[in-house]
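Novice: In the numbering used here, the protein residues as written are 447 to 821.
Backbone N, C-alpha and C define an ideal beta-carbon position, used for all residues, glycine too.
All figures in this text were calculated on a predicted structure; none of them were measured in a lab.
(1) Are the beta-carbon atoms belonging to residue 776 and residue 757 less than 7 Å from one another?
(2) Let's see if you can read the secondary structure: which residues bound the beta strand (DSSP E) around residue 615?
(3) Am I right that residue 782 and residue 754 are in contact with their C-beta atoms under 8 Å? What's the rounded C-beta distance?
(4) Of all the options 733, 653 and 708, which has the alpha carbon lying nearest to the alpha carbon of residue 904?
(5) Hey, could you find the ends of the beta strand (DSSP E) residue 644 is sitting in?
(6) Quick check: what's the CA-CA separation for residue 447 versus residue 484?
(7) With DSSP collapsed to three states, give me the class of residue 529.
(8) Secondary structure at residue 754, three-state DSSP: helix, strand or coil?
(9) Which value, in whole angstroms, describes the spacing of the CA atoms of residue 818 and residue 737?
(10) By the three-class DSSP mapping on this structure, what secondary structure does residue 559 have?
(11) Rounded to the nearest angstrom, what separates residue 543 and residue 535 at their Cα positions?
(12) In chain order, what residues of the same chain lie with their CB nearer than 7 Å to the CB of residue 545, ignoring the 5 residues before and after it?
(13) Can you tell me where the alpha helix (DSSP H) holding residue 598 begins and where it ends?
(14) If we call anything under 7 Å between Cβ atoms a contact, is residue 602 one with residue 638?
(15) Taking buried to mean at least 16 other C-beta atoms within 10 Å of its own C-beta, is residue 751 buried or exposed?
(16) Please specify which runs of the alpha helix (DSSP H), each continuous and at least 4 residues long, are wholly inside the segment 708-777, giving them in chain order.
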């Protein structure tokens, strides 16, 4: 659960929060080494406050995302619909010029987890006597697959999703049909709870076809949003479709958003916790989580780390090979990530193991929240 955007605080309360963050450092130093210097915490919150950023957006920032000359920020995987790039306040440009000299272009500016940010913010707020509210967690996240010529339809859908607290991902495609899907798009599809495929009479798209095929193979639910009179490919013939007319697109967009809310509520009602843990993995160490799963189960959730980690999903036979330092096979291998969203369709009924490896020369904090959805 992410904190409500801190720019809802008035300036007096925000200044008090900054003071609390600096003062809080002394208390945290008594128990363990804080993950960032106190001024870095203050800088993070000043940037969030001045540029209207959510925590997750701020933590993804790299040095190359800052354009100080034009006072703009590039946001990676935005969580809300934005019109134009966020701006940087002139007073923030002053300290950012010096602060950013400590980083290289592709280095994350604030290498901590959202859990740490939330805890520091709450502790600092308590210290200075102000209240920070929490916002509701997203009901889910969908990938919207569409032709660039149907951008107006996509925007109607996103407005309806926003009002129902459903996150979304969209990707504009170039006009060179047939290009392979990028890894970024593939990961975004796998990280989503469902894919909406926008299909119209006049704008067939091979990009939409590719994304639908990838989603089906990855076990992601596909919801065809089809204009009256449009033809669908063979992959979607046996899938429930939602038809629309362009002169009633607002009503249809509301209906598909409500449909998704109901589908996700049903899924969450049958969801079981697999892992909900906060641990410290020592340097060059690992941890293994195991459970018996049924074919068709889906493991969903997020693994977040202070430092880059490697994640495997293997069966018992290959876990034994891993433990013996032998070559082994895996269903999932994700190397050197600090934030990974898992969406894994169980291929066979058996025990499956999630291995998390810290190859760094120092310890790292890991937050793990994984759930299981039965078939």
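Specialist: With the given structure in hand:
(1) No, the pair does not count as a contact, with Cβ atoms beyond the cut-off.
(2) 612-616
(3) 4 Å
(4) The chain is shown only over 447 to 821; residue 904 falls outside these bounds and no answer can be derived.
(5) 640-645
(6) Here residue 447 scores only 38 on pLDDT, less than 50, and its place in the model should not be relied on; the value that follows carries that caveat. The straight-line gap from Cα to Cα measures roughly 23 Å.
(7) Bear in mind that the predicted position of residue 529 carries a pLDDT of just 42, short of 50, making it unreliable; the figure below should be weighed with that in mind. In this structure, residue 529 counts as coil in the three-state DSSP scheme.
(8) strand
(9) 11 Å
(10) coil
(11) 13 Å
(12) 489
(13) Going by DSSP, residue 598 is part of the alpha helix (DSSP H) stretching over 597-609.
(14) With contacts defined as CB atoms closer than 7 Å, residue 602 and residue 638 fail to qualify as a contacting pair.
(15) buried
(16) 762-769
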